[in-house]
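This report refers to the structure that appears directly beneath it.
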Amino acid sequence: MDTLRKLRVARGLSQAEVAEIIAVRQRTISKWEKLQQLPNIADAVLLARCYNTDLLRIAQALGIDTSDINNNCLDTINDVNKN
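The structure is reproduced here in structure tokens:
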């Protein structure tokens, strides 16, 4: 499973760069990556865009059990992420 850190590093970004892009503190990115804090849904959408992925993958990287999300929910989540 990917972690937020792996997703960030794969995009070649530092925590400071991600923090600047989505307008949070670098410390916040660090807390998210260490699973000490979870982003709100708006920040999760911004992370997904920043990492060029979808909300499902962000949720999984945050350790959220996504096994009960059905395909209709996934389609809606991905549609929201694209806008």
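To convert, take the position in the sequence shown, counting from 1, and add 105; that gives this note's numbering. Even for Gly, the Cβ is constructed at its ideal location relative to N, Cα and C. Quantities reported herein were computed from a predicted structural model and do not represent experimental measurements.
Practice item. Check whether the Cβ atoms of LEU109 and TRP137 lie closer than 8 Å to each other. Key: Within the sequence shown, residue 109 is the residue found at index 4, counting from 1. Within the sequence shown, residue 137 is the residue found at index 32, counting from 1. Taking 8 Å as the cut-off, the beta carbon of LEU109 is found closer than this to the beta carbon of TRP137.
Review point. Could you give the residue range of the alpha helix (DSSP H) that holds VAL150?
Key: What you label residue 150 is simply residue 45 of the sequence shown in a count that begins at 1. Where VAL150 is concerned, the enclosing alpha helix (DSSP H) stretches over 146-155.
Check your understanding: If you count every other CB in all the chains shown that lies within 10 Å of the CB of VAL123, and 16 or more means buried, which is it?
Key -> The residue given as residue 123 occupies position 18 in the sequence shown. With 16 or more other Cβ atoms within 10 Å, it is buried.
Exercise for review: Would you decide whether ILE134 is buried or exposed? Buried here means 16 or more other CB atoms lie within 10 Å of its CB.
Suggested key: One-based indexing of the sequence shown puts residue 134 at position 29. Buried.
Review point. If we ignore side chains and look at the alpha-carbon of each, how far apart do ALA147 and ASP173 end up?
Key: Within the sequence shown, numbered from 1, the residue matching residue 147 stands at position 42. Within the sequence shown, numbered from 1, the residue matching residue 173 stands at position 68. If I take the Cα positions, the gap works out to 22 Å.
Check your understanding: Looking only at its own chain, which residues have a Cβ that is under 7 Å from the Cβ of ILE105, when we skip the five neighbours before and after it?
Key -> What is shown of the chain runs 106 to 188, which leaves residue 105 out entirely.
Point to revise | VAL114 (DSSP reduced to helix, strand or coil) | key: By one-based count along the sequence shown, residue 114 stands at place 9. Helix.
Point to revise | Close-in-space but distant-in-sequence residues of the same chain around THR158 (CB under 8 Å, 5 per side omitted) | key: Translated into positions along the sequence shown, residue 158 becomes position 53. Taken in chain order, the residues that qualify are LEU112.
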